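A short worksheet on the structure shown next.
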């Protein structure tokens, strides 16, 4: 990850990036997975992404040293909050989207609230994985323990809303994050899924969803 910072800084068309670790088996877990890593990047144009994906130093590094790779292309639908003081996805606010949706939630957790946060992670993760409309999710982190993110994919925006606000357990956790001021910075974004490449654990979890 340290080696990849400089190439990304000078990569043409890349407006924002984060190199990310993941929890055990790609889940939201305190135990890190030393063999699974992630990159979130924003691009000015599709051509800029194609150039990176097909010809960059990092892409070639992955092809030579990686065992498996999986990429999802997304277009922002809504975004609220900041990441390192920036708004990486702009300020879109698309209200009438009806297709499958990806959701990114990330936060910098206050050190004094780490125990509160992690004590609720397993409960929320279990509820999410069994929620109607849930497809898959990835737990990632910019730094261990306190800079965490979840990227999840759902069949519809309504499924996301039902999980977030109509699930009693999850709604209670949302209230706690506000009343106890867990986060010093947070961001919530929704995306339209455009395409996916490669495989994750031998398959593309979005294959059937994007080809409906």
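Residue numbers (the numbering used here): 187 to 398. C-beta atoms are modelled at their ideal positions from N, C-alpha and C, and glycine is treated no differently. Predicted model, so just to flag it, every value in this text is computed and none were measured.
Are the stretch 216-234 and the stretch 192-204 touching, with three or more C-beta to C-beta distances below 8 angstroms?
-> yes
Determine the direct distance from the alpha carbon of residue 248 to that of residue 304, and round the result to whole angstroms.
-> As a working mapping, residue 304 is identified with position 118 in the chain shown. As a working mapping, residue 248 is identified with position 62 in the chain shown. The straight-line gap from Cα to Cα measures roughly 32 angstroms.
Any chance you could list the alpha helix (DSSP H) runs of at least 4 consecutive residues sitting entirely within the stretch 285-364, in chain order?
-> 300-304, 307-315 and 343-347
Tell me whether residue 269 is buried or exposed, calling it buried when 16 or more other Cβ atoms sit within 10 Å of its Cβ.
-> In the chain shown, residue 269 corresponds to position 83, counting from 1. Residue 269 is buried by the Cβ-count criterion.
Residue span of the alpha helix (DSSP H) that contains residue 371, given as start and end | Here residue 371 corresponds to residue number 185 of the chain shown, with the count starting at 1. From DSSP, residue 371 is part of no alpha helix (DSSP H) but of the beta strand (DSSP E) over 369-384.
Around the Cβ of residue 388, are there at least 16 other Cβ atoms within 10 angstroms (buried) or fewer (exposed)?
-> Position 202 of the chain shown holds residue 388. So residue 388 ends up on the exposed side.
If I'm right that residue 299 touches residue 366 with Cβ under 8 angstroms, what's the distance once you round it to whole angstroms?
-> On the chain shown, position 113 is the one that residue 299 refers to. On the chain shown, position 180 is the one that residue 366 refers to. Rounded, the Cβ-Cβ distance is 6 angstroms, consistent with contact.
Output the distance between the C-alpha atoms of residue 284 and residue 342, rounded to the nearest integer angstrom.
-> One-based indexing of the chain shown puts residue 284 at position 98. One-based indexing of the chain shown puts residue 342 at position 156. The alpha-carbon atoms of residue 284 and residue 342 are separated by roughly 6 angstroms.
Leaving out five residues before and five after residue 242 in sequence, what residues of the same chain have Cβ atoms less than 8 angstroms from its Cβ?
-> For the purposes of this step, residue 242 is identified with residue 56 of the chain shown, where counting begins at 1. The residues are 193 and 197.
Opening and closing residue of the alpha helix (DSSP H) in which residue 190 lies = By one-based count along the chain shown, residue 190 stands at place 4. Residues 188-195.
For residue 264, which option in 281, 255, 372 and 360 has the closest C-alpha, if you only look at C-alpha atoms?
-> What you label residue 264 is simply residue 78 of the chain shown in a count that begins at 1. Among 281, 255, 372 and 360, the Cα nearest to that of residue 264 is on 281.
Residue burial classification, residue 369 (beta-carbon count within 10 angstroms, cutoff 16) | For the purposes of this step, residue 369 is taken as residue 183 along the chain shown, with counting starting at 1. Burial call: buried.
Per DSSP, residue 265 forms a beta bridge with which residues?
-> The sequence position of residue 265 within the chain shown is 79, counting from 1. For residue 265, which the question treats as bridged, DSSP gives the partners 375.
Inter-residue Cα distance where the pair is residue 356 and residue 289 | On the chain shown, position 170 is the one that residue 356 refers to. On the chain shown, position 103 is the one that residue 289 refers to. In a straight line, the C-alpha of residue 356 is about 15 angstroms away from that of residue 289.
Mind checking which residues open and close the beta strand (DSSP E) that includes residue 225?
-> For the purposes of this step, residue 225 is taken as the residue at position 39 of the chain shown. From DSSP, the beta strand (DSSP E) with residue 225 extends over 218-229.
In the DSSP assignment, what residue or residues form a beta bridge with residue 257?
-> Looking up residue 257 in the chain shown gives position 71. The partner list for residue 257 (beta bridge, DSSP) reads 383.
Nearest to residue 312 by CA position, among 353, 231 and 218, is which residue?
-> Counting from 1 along the chain shown, the entry for residue 312 is found at position 126. It is 353.
Hey, out of 286, 358, 261 and 371, whose CA is closest to residue 279's CA?
-> As a working mapping, residue 279 is identified with position 93 in the chain shown. It is 261 whose Cα lies nearest to the Cα of residue 279.
Limits of the unbroken beta strand (DSSP E) element including residue 202 | For the purposes of this step, residue 202 is taken as the residue at position 16 of the chain shown. 200-209 is the extent of the beta strand (DSSP E) around residue 202.
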